[in-house]
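Worksheet for the structure shown next.
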Amino acid sequence: MDLSISVIGSFANWDVKYLLLFVVVFILVADYMKNRQPANFPPGPWALPIVGNMFSVDLKRTHESLTRLSHIYGDVYSLRMGQEWMVVLNRLEVMKEALINQGDSTADRPSRPMRNDLVHGRGLFVSNGDTWKQQRRFALSTLKYFGFGKKSLEPVILEEFLHCVKDITNFKGKPFAPHLIVNKVVSNIICTLVFGHRFEYKDEKFGELIRSFEIILQIEASIWRELYNLFPLLMRHLPGPHQKGINLWNNAVDFVKAEIKEHKKSLNPADPRDYIDCYLNEIQKGLKENSIFEEENLVVCVMDLFVAGSETTSTTLRWAFLYMAKYPEVQEKVQSELDRVIGQSRQPTMEDRANLPYTNAVIHEIQRIGNIVPLSGYHYTSRDVQLGGYTIPKGVILVPNLTSVLLDKNEWETPFTFNPGHFLSKEGKFERPEAFIPFSVGKRLCLGENLARMEIFLFFTSFMQHFTFSMPAGVKPVMDYRFGITLAPLPYDICAIAR
Numbered sequence: 001m002d003l004s005i006s007v008i009g010s011f012a013n014w015d016v017k018y019l020l021l022f023v024v025v026f027i028l029v030a031d032y033m034k035n036r037q038p039a040n041f042p043p044g045p046w047a048l049p050i051v052g053n054m055f056s057v058d059l060k061r062t063h064e065s066l067t068r069l070s071h072i073y074g075d076v077y078s079l080r081m082g083q084e085w086m087v088v089l090n091r092l093e094v095m096k097e098a099l100i101n102q103g104d105s106t107a108d109r110p111s112r113p114m115r116n117d118l119v120h121g122r123g124l125f126v127s128n129g130d131t132w133k134q135q136r137r138f139a140l141s142t143l144k145y146f147g148f149g150k151k152s153l154e155p156v157i158l159e160e161f162l163h164c165v166k167d168i169t170n171f172k173g174k175p176f177a178p179h180l181i182v183n184k185v186v187s188n189i190i191c192t193l194v195f196g197h198r199f200e201y202k203d204e205k206f207g208e209l210i211r212s213f214e215i216i217l218q219i220e221a222s223i224w225r226e227l228y229n230l231f232p233l234l235m236r237h238l239p240g241p242h243q244k245g246i247n248l249w250n251n252a253v254d255f256v257k258a259e260i261k262e263h264k265k266s267l268n269p270a271d272p273r274d275y276i277d278c279y280l281n282e283i284q285k286g287l288k289e290n291s292i293f294e295e296e297n298l299v300v301c302v303m304d305l306f307v308a309g310s311e312t313t314s315t316t317l318r319w320a321f322l323y324m325a326k327y328p329e330v331q332e333k334v335q336s337e338l339d340r341v342i343g344q345s346r347q348p349t350m351e352d353r354a355n356l357p358y359t360n361a362v363i364h365e366i367q368r369i370g371n372i373v374p375l376s377g378y379h380y381t382s383r384d385v386q387l388g389g390y391t392i393p394k395g396v397i398l399v400p401n402l403t404s405v406l407l408d409k410n411e412w413e414t415p416f417t418f419n420p421g422h423f424l425s426k427e428g429k430f431e432r433p434e435a436f437i438p439f440s441v442g443k444r445l446c447l448g449e450n451l452a453r454m455e456i457f458l459f460f461t462s463f464m465q466h467f468t469f470s471m472p473a474g475v476k477p478v479m480d481y482r483f484g485i486t487l488a489p490l491p492y493d494i495c496a497i498a499r
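The sequence shown: position 31 = 31 (the numbering used here), numbered continuously.
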């Protein structure tokens, strides 16, 4: 009897082993069959089953990892992140071919689980097709009406700077953390355009909103996003930083909805005050036409505008303070040019830019080497594409690696060194090389470019006119970064000495 039980047990153990072996082989074969690509697909590193190349890339320095891989596999190569195929685009000519020449086939955004769970295909950033075209067209025309990139916006920016000066002057040259102050001063510009009013810097809800978006952007570029996109059904219920990001997003949505509710109470269709008023008017026009203009879309559009109109510019200015502290001779030369052209008796204007070639070159070099948005936004092939001698099928994610252009040794004399001469001719005149693409290229070119360029110029020149920046005694500038959707400097303290 015992022998029979032993034999049965042995067979049972072998059955379990064979079953497990069968399951493993089945998963491997199924994974291979599902993810195989045509013979002419771009090359790339070997991918693990299920997770692909998720652990082949340092997600804390993704742009650096992707650039190093381009040295091995070429300017057009592939990665598999979980079950998604991505093709990484490197160098200027490749990006122009993919995003401009074949822009009709590459303008779409991919629908990824984490982002889609938050916005459901709405808004300005991840929407596609006619929805995206109408929302982008409306946003550009409406913000242009309120002075987006126009001279009429200058007083708003310069007035906001004066609020900021008071806060910084109160430190009396002692070390302070510029992070939140700079975020608030920049965010108030987009708030004026979107909400119709600015917020006091002491407003707690305003401060929470800014901090929330910063955390959300960090999580969206972390391993948690990739895990969420790989296992959405599981990750929706598991605890982790991704849940914090979702909660913060929902809190920000509530903030925007409260603003919209207040707008409705005092809306005058004949005299719109801001973007929200104009959008509410558009909703009323389209009620009977099954319009894509509806309140949920308005909420996401406002969120997109807030992030696009504040995070990149504030990050650029924080890098600017660091570079000026690191290179005091550059800062001194900028201030000398400002003193000669503008003086101390008036504020800078956009008309001054043509007469400030060195200052303009310094601003552009900060944007180039700061590499603020290293990977731009992901694109998606809506049909088969021929690129770099390879065939990229419909439904593949494209990753524009802007780092490979902004730090390309073939485009820049000293790509890894801070050098304003990259933007100056031999005669000392400002010139902008074609490889300067911090706002990306093509149909998805950042719609906030004009506003960002105006803000960066006016804020930077105003700061240089009023203050000299230096590190606290005994502290050297740390030029390392924190990777997220934006490449932000690590938190630091700085001294601003009134001039």
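Think of the CB as a built atom: it goes at the ideal place given N, C-alpha and C, for glycine as much as any other residue.
Just so we're clear, the structure is a prediction, and the values are computed from it rather than from any experiment.
Using only the alpha-carbon positions, how far apart do residue i and residue j sit?
i: Ala320; j: Leu158; result: 18 Å
i: Pro374; j: His364; result: 15 Å
i: Asn360; j: Met235; result: 46 Å
i: Thr403; j: His63; result: 7 Å
i: Cys495; j: Cys164; result: 15 Å
i: Arg109; j: Gly52; result: 21 Å
i: Asp493; j: Pro477; result: 9 Å
i: Phe176; j: Tyr327; result: 19 Å
i: Asn188; j: Val94; result: 37 Å
i: Thr391; j: Asp104; result: 16 Å
i: Lys409; j: Met454; result: 29 Å
i: Val7; j: Ile50; result: With a pLDDT of only 47 at Val7, under the threshold of 50, the placement of this residue in the model should not be trusted; the figure read from the coordinates follows. Taking the straight line from one Cα to the other gives about 37 Å.
i: His197; j: Glu160; result: 11 Å
i: Tyr77; j: Glu337; result: 45 Å
i: Gln218; j: Tyr481; result: 12 Å
i: Phe139; j: Thr106; result: Note on residue identity: the sequence assigns Ala, not Phe, to residue 139. Straight-line Cα distance between these residues: approximately 21 Å.
i: Tyr500; j: Leu180; result: As displayed, the chain neither begins before 1 nor continues past 499, which places residue 500 out of reach and without an answer.
i: Trp224; j: Glu282; result: 37 Å
i: His466; j: Val126; result: 40 Å
i: Gly121; j: Arg61; result: 28 Å
i: Ser56; j: Val399; result: 16 Å
i: Asp167; j: Ser314; result: 16 Å
Nearest by alpha-carbon distance to residue i: which of the options is it?
i: Glu262; options: Arg318, Asp274 and Ala270; result: Asp274
i: Ile437; options: Glu449, Gln386, Lys426 and Pro232; result: Glu449
i: Tyr380; options: Lys394, Leu387 and Pro491; result: Lys394
i: Asn40; options: Asn229, Gly389 and Met86; result: Gly389
i: Ala501; options: Leu424, Leu387, Thr312 and Asn410; result: For residue 501 there is no data in the structure shown, the boundaries of the chain being 1 and 499.
i: Gly377; options: Glu411, Thr169 and Asp304; result: Asp304
i: Ser382; options: Lys409, Pro38 and Gln102; result: Gln102
i: Pro508; options: Glu434, Val399, Met350 and Phe467; result: Residue 508 lies beyond the stretch modelled for the chain, which goes from 1 to 499, so this question has no answer here.
i: Trp85; options: Phe161, Glu226 and Lys426; result: Glu226
i: Pro415; options: Arg368, Cys446 and Leu447; result: Arg368
i: Lys443; options: Glu294, Glu97, Asp203 and Trp46; result: Glu97
i: Val330; options: Asn268, His120, Thr313 and Phe418; result: Phe418
i: Gly474; options: Ala325, Leu69 and Leu407; result: Ala325
i: Leu124; options: Lys257, Asn297 and Pro38; result: Asn297
i: Gln37; options: Arg68, Gln83 and Val399; result: Gln83
Throw me the rounded Cβ distance for the residue i and residue j pair, which I believe falls under 8 Å.
i: Asn401; j: Leu79; result: Their Cβ separation, rounded to whole angstroms, is 11 Å, which puts Asn401 and Leu79 out of contact at 8 Å.
i: Gly309; j: Ile190; result: 3 Å
i: Ser462; j: Ile497; result: Rounded, the Cβ-Cβ distance is 15 Å, inconsistent with contact.
i: Leu99; j: Val385; result: Actually they are not in contact, since the Cβ atoms of Leu99 and Val385 sit about 11 Å apart, beyond 8 Å.
i: Leu59; j: Ser222; result: 6 Å
i: Pro348; j: Leu267; result: Not a contact, Cβ separation roughly 36 Å.
i: Ala435; j: Glu411; result: 4 Å
Are the beta-carbon atoms belonging to residue i and residue j less than 7 Å from one another?
i: Val194; j: Val299; result: no
i: Ala559; j: Leu209; result: As shown, the chain starts at 1 and ends at 499. That puts residue 559 outside it, with no answer to give.
i: Glu220; j: Ile485; result: yes
i: Ile502; j: Thr316; result: The structure shown does not extend to residue 502, since the chain spans only 1 to 499, so no value can be given for it.
i: Val405; j: Leu92; result: yes
i: Phe439; j: Pro357; result: no
i: Ile366; j: Asp352; result: no
i: Val307; j: Val334; result: no
i: Ile372; j: Leu280; result: no
i: Ile276; j: Ile260; result: yes
i: Trp249; j: Leu48; result: no
i: Val186; j: Arg318; result: no
i: Cys278; j: Thr142; result: yes
i: Phe199; j: Phe206; result: yes
i: Val87; j: Pro42; result: yes
i: Tyr228; j: His237; result: no
Counting Cβ pairs closer than 8 Å, one from the segment 223 to 233 and one from the segment 112 to 124, do we hit at least three? These segments touch.
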